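Participant: Below are the structure tokens for one structure; questions will follow.
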Amino acid sequence: MRHIIATGLKHPTPVELIMTEKTPDLQGPVCPVPKKHTETIMLGHGSGGKMMADLIKDVFYSRLENEPLLAGNDAGVVELTDGLCLAISTDAHVVSPLFFSGGDIGRLAVCGTVNDVSMVGAVPLYLTASFILEEGLDIKILEKVVESMSKAAEEAGVDIISGDTKVVAHGEADGLYISTTGVGLLDSRIEIGGSKAKPGDKVLVSGTIGDHGIAVLEARGELGFKTQLESDVAPLNHLIEDIMAVSKNIHVLRDPTRGGVATALNEIARQSGVGIILDENSLPVKPAVVGACEMLGFDPLYIANEGKLLAVVSPEDADMVLVAMRKSQYGQEAAVIGQVEAEPAGRLLLKTALGATRIIDVLAGELLPRIC
Amino acid sequence: MKYLSEYRDAELVHSTIAKIAERITQPWTMMEICGGQTHSIIKNGLDQLLPEEVELVHGPGCPVCVTPLELIDKALEIASLPGVIFTSYGDMLRVPGSRGDLFSIRASGGDVRVVYSPLDAVRLAQENPDREVVFFAIGFETTAPANVMSVIQAERLKLDNFSILVSHVRVPPAIEAILSSPSNRVQGFLAAGHVCAVMGYWEYLPLAEKYHIPITVTGFEPLDITRGILATVESLEAGTNVVKNAYIRTVTEKGNRSAQAVINRVFENCDRKWRGIGIIPGSGWRLKPAYAHFDAEKRFHVEAIQADESPLCISGQVLQGLKKPDQCQAFGAPCTPENPLGATMVSDEGACAAYYRYRTQTPHAGGIDHD
Chain U
3 MRHIIATGLK HPTPVELIMT EKTPDLQGPV CPVPKKHTET IMLGHGSGGK
53 MMADLIKDVF YSRLENEPLL AGNDAGVVEL TDGLCLAIST DAHVVSPLFF
103 SGGDIGRLAV CGTVNDVSMV GAVPLYLTAS FILEEGLDIK ILEKVVESMS
153 KAAEEAGVDI ISGDTKVVAH GEADGLYIST TGVGLLDSRI EIGGSKAKPG
203 DKVLVSGTIG DHGIAVLEAR GELGFKTQLE SDVAPLNHLI EDIMAVSKNI
253 HVLRDPTRGG VATALNEIAR QSGVGIILDE NSLPVKPAVV GACEMLGFDP
303 LYIANEGKLL AVVSPEDADM VLVAMRKSQY GQEAAVIGQV EAEPAGRLLL
353 KTALGATRII DVLAGELLPR IC
Chain W
252 MKYLSEYRDA ELVHSTIAKI AERITQPWTM MEICGGQTHS IIKNGLDQLL
302 PEEVELVHGP GCPVCVTPLE LIDKALEIAS LPGVIFTSYG DMLRVPGSRG
352 DLFSIRASGG DVRVVYSPLD AVRLAQENPD REVVFFAIGF ETTAPANVMS
402 VIQAERLKLD NFSILVSHVR VPPAIEAILS SPSNRVQGFL AAGHVCAVMG
452 YWEYLPLAEK YHIPITVTGF EPLDITRGIL ATVESLEAGT NVVKNAYIRT
502 VTEKGNRSAQ AVINRVFENC DRKWRGIGII PGSGWRLKPA YAHFDAEKRF
552 HVEAIQADES PLCISGQVLQ GLKKPDQCQA FGAPCTPENP LGATMVSDEG
602 ACAAYYRYRT QTPHAGGIDH D
């Protein structure tokens, strides 16, 4: 047995004890078990990943059980009359800072809900909005946000027809929170949903990924460097109308917001019981997003988008849908990024640029930068 | 992108792998030291592409994974004090101590903040003169220059409300500990490129000679790693125990002398406990006595906190390259990144987390349920 002398210190015993075959076999979970975070709300519960999915399942689904809710789509769909369905969705917006390159909380509040209603194939018509305002907020800021909401609503072709305003004491909110609810109508023959992906289908994304998340980080001053990036926040209902006009075989639509493309496609794979294989080479990512992710230790696949959608389409229609996307101002950089397979069911895989295959999991909790 | 995309070129990587296959005549076991390399190998799927004679075992070079339990407990204690802003690199927030983690402290009202640079923590101290700002200074030689610069900067600014909780570790003593173990299987090392960018590779020359083992300084991109493996295979096949540099665009033999100078000004060698492994003599850095007033352990009187790890934890064997993550009974279920049982599952650079994220092929209890 060699002794450690290069360090000039003579403490061989602890190392030798631990570094030998005496290290016993594992017998059950024996490492220090951390808090599971099932007792207290953590920021990770709002990250769009596994912690949030568990919270929704354990706290909400079990107590509010009904069919539209358990379908697990971006909007709940109920039948109104013969042949016509109502789609309803709601979304709270707490972004900080309130204004960022390419958007603001007002535009986000309108687009987020318009998009959620649209992702089941519905035409969004009306929104309501409730505001939680912090005492001390400059009314000019509120005016600017509401003007932005008005513009976004006009762009999407929806009206905001009702609202509510509450004020909380200084320090009890971060300036301004907005919650919006949207309703839309759809033909009951349209069956677009997370469980409809089929083996052979193609997976499309409507443009570059990760722009919003990195733009917001930059606005927070967390990058420590400047980019030319703008948030992609945009209403996607017109894009969806365009692609639904060319194809009756769109099986799934989803906007990859918090948790990013990786988490959204994992959800689809799980809901449909299929495997999804992404091709790393075909993922559209702006160089600035790649660069920021390299420096911070993030993966663009987990970064939030607010103006992009994923479409799972039957293979014969994929090219037509791609062309229609690229014609729209909201989908000019659209790409086919992968396809659906029967196996491994419930899993998302990535074919790496080198030709190997690896698993892409859902985001666990909070997105954390790596140390180096 | 300059200096990045070139080193991800699929054609070059494949031709390097073909050369490895050409040269190799027998199985060789080599260890990549750094968690960043493990992450890159698994993320790019290099392990699937290499000839089967090459066995890569994953080293202890993940600073988050090896930070000892009692240091985490000290961090939790300090972070929960009123009046303290506790700052840390992001992935330390998830690491479990004996009682909870920094996330829990934050959720119960502690002021825990993620910073991207220790100098951000110094700025916080300037902006908050009535608060105590503590930075959790962990890492290998790579992060040491920036971490000591925070102390030098705080001294320059005459800040008396800034301190660091130090858990610094060094690579060469860890390599020596692995090589001196009777159960060692490692026949060659891929040394950590960024550690060597700071320290150079002169420290590895006596190790290679003493233990008759080839060491290759290796970078992090797929082409860097395959070139590092090729150089190591060539050394092994030729039976030479040399230190090679396969990361010449970043690393020189002497390293970054200015960075070494600031480290030596502020830090001195000490014994350090590694999570899952135990005390490795001379393997750490601590603040020199002249900088003791920046030592958060002393300032907040947490030096006495001790914590015993279970001697059964397999993460120690994983960190030494004795076992692969998926040889652990707990891997995937119940041990997952959301609910890590051991340190190697906690950090993205931990071998278990890399295996879990990129290698598991079937849904398991750790994934989202199918209902």
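Residue numbers (the working numbering), protein chains in the order written: chain U, 3 to 374; chain W, 252 to 622. For each residue, glycine too, the CB sits at the ideal point set by N, CA and C. The structure presented is a predicted model; accordingly, all values stated were derived computationally and were not measured.
Checking contacts by CB at 8 Å: is P36 of chain U closer than that to chain W?
Facilitator: Here residue 36 of chain U refers to the residue found at position 34 of the first sequence. Summary for P36 of chain U: the model assigns pLDDT 42, below 50, so the residue's position carries little reliability; its value from the coordinates is reported in the next sentence. True, the Cβ-Cβ gap to chain W drops below 8 Å.
Participant: Could you name the residues of the same chain whose beta carbon sits closer than 6 Å to that of G309 of chain U, not counting the 5 residues immediately before and after it, in chain order?
Facilitator: The sequence position of residue 309 of chain U within the first sequence is 307, counting from 1. Around G309 of chain U: D234, V235 and A236.
Participant: Consult DSSP for Y205 of chain W and reduce its assignment to one of helix, strand or coil.
Facilitator: Within the shown structure, residues of chain W are numbered from 252 to 622, placing residue 205 of chain W beyond reach of any answer.
Participant: Chain W partners of R360 of chain U, CB-CB under 9 Å?
Facilitator: Along the first sequence, read from residue 1 onward, the residue named residue 360 of chain U stands at position 358. Result: I293, K294, N295, G296, Q299, R608, Y609 and R610.
Participant: Whose Cβ in chain U lies nearer than 9 Å to the Cβ of P588 of chain W?
Facilitator: The residue you call residue 588 of chain W lines up with position 337 of the second sequence. Correct list: K52, D363, A366 and G367.
Participant: Could you tell me the distance, in whole angstroms, from the CA atom of T267 of chain W to the CA atom of L297 of chain W?
Facilitator: The residue labelled residue 267 of chain W in the question sits at position 16 within the second sequence. The residue labelled residue 297 of chain W in the question sits at position 46 within the second sequence. Those two C-alpha atoms are separated by around 12 Å.
Participant: Are I278 of chain U and V342 of chain U touching if we call contact CB-CB under 8 Å?
Facilitator: Numbered from its first residue, the first sequence carries residue 278 of chain U at position 276. Numbered from its first residue, the first sequence carries residue 342 of chain U at position 340. Going by C-beta atoms, I278 of chain U is nearer than 8 Å to V342 of chain U.
Participant: Within 8 Å, do at least three Cβ pairs link the region 343–357 of chain U to the region 279–293 of chain W?
Facilitator: No, the region 279–293 of chain W is not in contact with the region 343–357 of chain U.
Participant: Helix, strand or coil for L267 of chain U? Go by DSSP, reduced to three states.
Facilitator: Residue numbering aside, residue 267 of chain U sits at position 265 when the first sequence is read from its first letter. Three-state DSSP puts L267 of chain U in a helix.
Participant: Within the 8 Å Cβ cut-off, does R478 of chain W reach chain U?
Facilitator: Against the second sequence, residue 478 of chain W aligns to sequence position 227. No, R478 of chain W lies away from the interface with chain U (no Cβ there is under 8 Å from its Cβ).
Participant: Comparing the C-beta of L231 of chain U with each C-beta of chain W, is any distance below 8 Å?
Facilitator: As a working mapping, residue 231 of chain U is identified with position 229 in the first sequence. L231 of chain U does not count as touching chain W.
Participant: Under 9 Å, CB to CB, which of the residues in the region 202–226 of chain U have a partner in chain W?
Facilitator: Per Cβ criterion, the list reads E224, L225 and G226.
Participant: Counting only beta-carbon atoms, is Y258 of chain W nearer than 8 Å to chain U?
Facilitator: As a first step, residue 258 of chain W must be located in the second sequence, where it is residue number 7. Judged by the 8 Å Cβ criterion, Y258 of chain W is not in contact with chain U.
Participant: Of all the options U:V170, U:G209, U:A111 and U:E193, which has the alpha carbon lying nearest to the alpha carbon of S284 of chain U?
Facilitator: Walking along the first sequence from the start, residue 284 of chain U turns up at place 282. S284 of chain U has its Cα closest to that of U:G209, out of U:V170, U:G209, U:A111 and U:E193.
Participant: Please state whether DSSP places P423 of chain W in a helix, a strand or coil.
Facilitator: Within the second sequence, the letter at position 172 stands for residue 423 of chain W. In the structure shown, P423 of chain W sits in a helix (DSSP, three-state: H, G or I).
Participant: So, do the region 35–55 of chain U and the region 260–275 of chain U have three or more beta carbon pairs nearer to each other than 8 Å?
Facilitator: Yes, they touch.
Participant: Determine the chain W residues that contact G196 of chain U at a beta-carbon separation under 7 Å, and present them in chain order.
Facilitator: Taking the first sequence and counting its residues from 1, one reaches residue 196 of chain U at position 194. Result: empty, since nearest Cβ-Cβ is about 12 Å, beyond 7 Å.
Participant: Note down, in chain order, every chain W residue with its Cβ under 7 Å from the Cβ of T259 of chain U.
Facilitator: Here residue 259 of chain U refers to the residue found at position 257 of the first sequence. What T259 of chain U touches in chain W: nothing, since even the nearest Cβ is about 17 Å away.
Participant: Between S181 of chain U and T92 of chain U, how many whole angstroms is the CB-CB distance? I'm expecting something under 8 Å.
Facilitator: Within the first sequence, residue 181 of chain U is the residue found at index 179, counting from 1. Within the first sequence, residue 92 of chain U is the residue found at index 90, counting from 1. Right, their Cβ atoms sit about 7 Å apart.
Participant: Who does T389 of chain U pair with in a DSSP beta bridge?
Facilitator: In the structure displayed, chain U extends from 3 to 374; residue 389 of chain U sits before or after that span and is not available.
Participant: Give me the Cβ distance between L322 of chain W and S418 of chain W, rounded to the nearest whole Å; I'm assuming they're in contact under 8 Å.
Facilitator: For the purposes of this step, residue 322 of chain W is identified with residue 71 of the second sequence, where counting begins at 1. For the purposes of this step, residue 418 of chain W is identified with residue 167 of the second sequence, where counting begins at 1. About 5 Å; that satisfies the 8 Å criterion.
Participant: Go through the region 426–451 of chain W residue by residue and report every complete run of the beta strand (DSSP E) that reaches 3 residues or more, in order.
Facilitator: For the region 426–451 of chain W, whole beta strand (DSSP E) runs of length 3 or above, ordered along the chain, are 439–443.
Participant: Shortest alpha-carbon distance to T483 of chain W belongs to which of W:E504, W:G439 and W:P473?
Facilitator: Residue numbering aside, residue 483 of chain W sits at position 232 when the second sequence is read from its first letter. Per the Cα distances, W:G439.
Participant: Confirm, please, whether the CB-CB distance from L206 of chain U to M327 of chain U is below 8 Å.
Facilitator: As a first step, residue 327 of chain U must be located in the first sequence, where it is residue number 325. As a first step, residue 206 of chain U must be located in the first sequence, where it is residue number 204. Taking 8 Å as the Cβ cut-off, M327 of chain U and L206 of chain U qualify as a contacting pair.
Participant: Closest to L458 of chain W by CA distance: which of W:E472, W:V402 and W:A442 is it?
Facilitator: In the second sequence, the residue the question calls residue 458 of chain W occupies position 207. Looking at the Cα atoms, W:A442 is the closest of the given residues.
Participant: Nearest to M322 of chain U by alpha carbon, out of U:L139, U:G177, U:M246 and U:E145?
Facilitator: Within the first sequence, the letter at position 320 stands for residue 322 of chain U. Out of U:L139, U:G177, U:M246 and U:E145, U:M246 has the C-alpha closest to the C-alpha of M322 of chain U.
Participant: Which word fits K325 of chain W, buried or exposed, when buried means at least 16 other C-beta atoms lie within 10 angstroms of its C-beta?
Facilitator: Numbered from 1 along the second sequence, position 74 holds the residue referred to as residue 325 of chain W. Classification of K325 of chain W: buried, given that the 10 Å Cβ count is 16 or more.
Participant: Is the beta carbon of V305 of chain W less than 8 Å from the beta carbon of T338 of chain W?
Facilitator: On the second sequence, residue 305 of chain W is found 54 positions in, with the first residue counted as 1. On the second sequence, residue 338 of chain W is found 87 positions in, with the first residue counted as 1. Their beta carbons are not under 8 Å apart, which means V305 of chain W does not touch T338 of chain W by this criterion.
Participant: Counting C-beta neighbours from all protein chains within 10 Å, is the total for H536 of chain W 16 or more, i.e. buried, or is it exposed?
Facilitator: Walking along the second sequence from the start, residue 536 of chain W turns up at place 285. Note on identity: in this sequence residue 536 of chain W is Trp, with His being the wrong assignment. Under this definition W536 of chain W is a buried residue.
Participant: According to the Cβ coordinates, are P286 of chain U and C295 of chain U closer than 8 Å?
Facilitator: Numbered from 1 along the first sequence, position 284 holds the residue referred to as residue 286 of chain U. Numbered from 1 along the first sequence, position 293 holds the residue referred to as residue 295 of chain U. Taking 8 Å as the Cβ cut-off, P286 of chain U and C295 of chain U do not qualify as a contacting pair.
Participant: Would D76 of chain U and M121 of chain U be called neighbours here (beta carbons separated by less than 8 Å)?
Facilitator: As a working note, residue 76 of chain U is residue 74 in the first sequence. As a working note, residue 121 of chain U is residue 119 in the first sequence. Closer than 8 Å, so yes.
Participant: List in chain order: all unbroken beta strand (DSSP E) runs of 3+ residues lying wholly within the region 450–526 of chain W.
Facilitator: Taking only runs of at least 3 residues, the beta strand (DSSP E) segments lying wholly in the region 450–526 of chain W are 466–469, 494–496 and 518–525.
Participant: What number of angstroms, rounded off, separates the C-alpha of R222 of chain U from the C-alpha of L365 of chain U?
Facilitator: Translated into positions along the first sequence, residue 222 of chain U becomes position 220. Translated into positions along the first sequence, residue 365 of chain U becomes position 363. So the alpha carbons of these two residues sit roughly 22 Å apart.
Participant: What residue does the alpha helix (DSSP H) around D281 of chain U start on, and which one ends it?
Facilitator: Here residue 281 of chain U refers to the residue found at position 279 when the first sequence is read from its first residue. Counting along the chain, D281 of chain U falls outside any alpha helix (DSSP H), though it belongs to the beta strand (DSSP E) covering G277 to D281.
Participant: I'd like to know whether the C-beta atoms of A272 of chain W and G357 of chain U end up nearer to each other than 8 Å.
Facilitator: For the purposes of this step, residue 272 of chain W is taken as residue 21 along the second sequence, with counting starting at 1. For the purposes of this step, residue 357 of chain U is taken as residue 355 along the first sequence, with counting starting at 1. Not a contact, by the Cβ cut-off of 8 Å.
Participant: So what does DSSP say about T267 of chain W, is it helix, strand or coil?
Facilitator: Reading the second sequence from its first residue, position 16 is the one you call residue 267 of chain W. Three-state result, T267 of chain W: helix.
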